[in-house]
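Using my numbering, read the sequence shown as starting at 818 and increasing by one per residue. Here a beta-carbon is modelled for each residue, glycine too, at the ideal position from N, C-alpha and C. What you are looking at is a predicted structure, and each value in this text was computed from that prediction instead of being measured.
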Amino acid sequence: MTKTKHTTISPEISRARDLGLPIVALESTVITHGLPIPQNMELARDMEEKVREQGAVPATVALLDGKIRVGINDTELEKLANAKDPVKVSRRDFAKAIVKKMDGGTTVAGTMLAAEQANIRVFATGGIGGVHREGHMDISTDLQALSDTPMIVVCAGAKSILDLPATLEYLETMAVPVVGYGTDEFPAFFSNKSGLKVSVRLDSPEEIADFAKAHWDLGIKSAVLVTNPIPEDFSLDDDFINPIIEQTSQDAQDKGISGQALTPFLLARINELSNGRSLESNLVLLQSNATLAAKIAKVMMQGKHNNI
Ligand code: PSU
Ligand code: MN
818 MTKTKHTTIS PEISRARDLG LPIVALESTV ITHGLPIPQN MELARDMEEK
868 VREQGAVPAT VALLDGKIRV GINDTELEKL ANAKDPVKVS RRDFAKAIVK
918 KMDGGTTVAG TMLAAEQANI RVFATGGIGG VHREGHMDIS TDLQALSDTP
968 MIVVCAGAKS ILDLPATLEY LETMAVPVVG YGTDEFPAFF SNKSGLKVSV
1018 RLDSPEEIAD FAKAHWDLGI KSAVLVTNPI PEDFSLDDDF INPIIEQTSQ
1068 DAQDKGISGQ ALTPFLLARI NELSNGRSLE SNLVLLQSNA TLAAKIAKVM
1118 MQGKHNNI
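Quick look at the structure:
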């Protein structure tokens, strides 16, 4: 087992690293704050399974008893999924969780920090945080992490609960390429459509690995954000989901919900108002992202890419 001061890398992940096997990091705020019990636990297992199906090794990142863990076993996953008052751990929150020996789910930004310490280059999530519509200056640390962590992050775009044009502008300012996997359009999480453009379209895991290599060969330290549209059959129509999103955003403002609590509130409320349809789509896209990330991780371990 490899240990740095606060981070413990599981025996399976240490071994995978030594053997040069492809590894995919997975976040855990989706488990602790993004999905209800018991779907959270089932989803976490399903994502790990999707990664393994492709011949890669999943590394779920989380905080347990104040330790940053890269790769957790099934018992630990269960503990996390049922934790009482887990913390949502973004970069700001690590030290608090460490000194208070807390359990917590790592956000995109939090997971990227731990995954980089473990030399993992590919990470799958659902949706990234971004610039919020409701709060003045509520900008997710995820965007900052994407700007300074060289990693391929696979997501389904970002929800239109966010200010998507502002989020894309921020990513451009921070030198983060936004790749559309098989699409020119930036996907909006539950829906394939946003009316906004990605910065580049790429059509295969090989192209994505080549692209990341070219990006990092330039000495640029930012991430490559890969947006994978939700499979067509599960893409929710704008006419259905947009009014729900508008209503949810209004509810948050009426209730004065802000800061870290905002994203979990919005997610739960959308699930309620859509009678669980958004949850079904959410689960499908998370698994689809895990599969694509594993395919990319495999290519990255081959031939010309294996020194990235
Ligand atoms: N968007 C989703 N589902 C999620 C999140 C975002 O559709 O579960 C989580 C991710 O972990 C993301 C975090 O990193 O919320 C962003 O939170 P904030 O906006 O507070 O930075
Ligand atoms: Mn925020």
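Proximity of residue i and residue j at Cβ, strictly below 8 Å
i, j, result
"His823", "Ile889", "no"
"Ser1011", "Ser964", "no"
"Ala1154", "Asp891", "Outside the displayed span of the chain (818 to 1125) sits residue 1154, for which this structure offers no information."
"Val971", "Leu836", "no"
"Ile937", "Ala992", "no"
"Gly974", "Ala1005", "yes"
"Leu1100", "Asn1088", "no"
"Met1117", "Ala1026", "yes"
"Thr1065", "Leu1083", "yes"
"Glu829", "Val878", "no"
"Thr846", "Thr924", "yes"
"Met858", "Glu895", "yes"
"Gly947", "Leu897", "no"
"Ile969", "Ile1113", "yes"
"Lys1115", "Gln871", "yes"
"Val887", "Ala962", "no"
Boundaries (first-last residue) of the alpha helix (DSSP H) holding residue i
i, result
"Ile1113", "Arg1094 to Met1117"
"Val916", "Phe911 to Val916"
"Arg950", "From DSSP, Arg950 is part of no alpha helix (DSSP H); its letter is neither H nor E."
"Arg1018", "No alpha helix (DSSP H) contains Arg1018, which is instead part of the beta strand (DSSP E) from Val1017 to Leu1019."
"Ala1069", "Asp1055 to Lys1072"
"Ile830", "Pro828 to Leu836"
"Val925", "Val925 to Gln934"
"Leu1079", "Leu1079 to Leu1090"
Exposure label - residue i; buried when at least 16 CB within 10 Å
i, result
"Ser762", "Only positions 818 to 1125 of the chain appear in the structure, and residue 762 is not among them; the question remains open."
"Phe1057", "exposed"
"His953", "exposed"
"Ala873", "buried"
"Ala1111", "buried"
"Ala912", "exposed"
"Ala1107", "buried"
"Glu865", "buried"
"Met818", "With a pLDDT of only 47 at Met818, under 50, the local geometry of the prediction cannot be trusted, and the value read off the model is given with reservation. Its Cβ having fewer than 16 others within 10 Å, Met818 is exposed."
"Asp1034", "exposed"
"Ala1078", "exposed"
"Pro855", "exposed"
"Ser1021", "exposed"
"Thr821", "exposed"
"Pro875", "buried"
"Thr849", "buried"
"Gln1119", "exposed"
"Asp920", "buried"
"Arg832", "exposed"
"Pro994", "buried"
"Pro903", "buried"
"Gln1067", "exposed"
Closest by C-alpha distance to residue i, when choosing among the options
i, options, result
"Ser1105", "Ile840, Asp863 and Ala842", "Asp863"
"Asn899", "Leu881, Val906 and Thr1108", "Leu881"
"His949", "Gln1119, Leu843 and Leu985", "Leu985"
"Gly944", "Gln1070, Thr1080, Ile840 and Ala912", "Thr1080"
"Leu1013", "Leu1019, Phe1007, Ala861 and Phe1003", "Phe1003"
"Phe1051", "Leu1019, Ser1066, Gly1093 and Phe1028", "Gly1093"
"Ile885", "Pro994, Ala833 and Ile826", "Ile826"
"Ala1000", "Glu1049, Lys976 and Ile969", "Looking at the sequence provided, one finds Thr at residue 1000 rather than Ala. The candidate whose alpha carbon is nearest that of Thr1000 is Glu1049."
"Lys976", "Glu870, Pro853 and Asp1055", "Asp1055"
"Arg909", "Val996, Arg869 and Gly1076", "Gly1076"
"Val868", "Ala941, Ser831 and Val887", "Ala941"
"Leu1042", "Gln961, Val996, Asp1068 and Glu989", "Val996"
"Ser1131", "Ser1008, Ile1074 and Gln961", "Nothing in the structure corresponds to residue 1131, since the chain is present only between 818 and 1125."
"Lys918", "Gly883, Val887 and Ala935", "Gly883"
"Arg1086", "Gly851, Leu838 and Glu1023", "Gly851"
"Tyr998", "Phe1028, Thr990, Lys901 and Glu1063", "Phe1028"
Nearest-angstrom Cβ-Cβ length linking residue i and residue j, presumed shorter than 8 Å
i, j, result
"Val906", "Gly922", "7 Å"
"Ile1047", "Ser1091", "Not quite, the Cβ-Cβ distance comes to about 14 Å (not below 8 Å), so this is no contact."
"Val1015", "Thr1044", "6 Å"
"Glu951", "Gln1070", "5 Å"
"Leu1131", "Leu860", "Past the edges of the chain, shown from 818 to 1125, lies residue 1131, and the structure says nothing about it."
Closer than 7 Å: residue i CB and nearest the ligand COA heavy atom
i, result
"Gly927", "Judged by which ligands are present, the ligand COA is missing from the structure shown, whose ligands are the ligand PSU and the ligand MN."
Limits of the unbroken beta strand (DSSP E) element including residue i
i, result
"Lys905", "Val904 to Val906"
"Ala962", "No beta strand (DSSP E) holds Ala962; the alpha helix (DSSP H) holding it covers Thr958 to Asp965."
"Asp940", "The sequence as given places Phe at residue 940; Asp does not occur at that position. Residues Val939 to Ala941."
"Pro875", "Val874 to Leu881"
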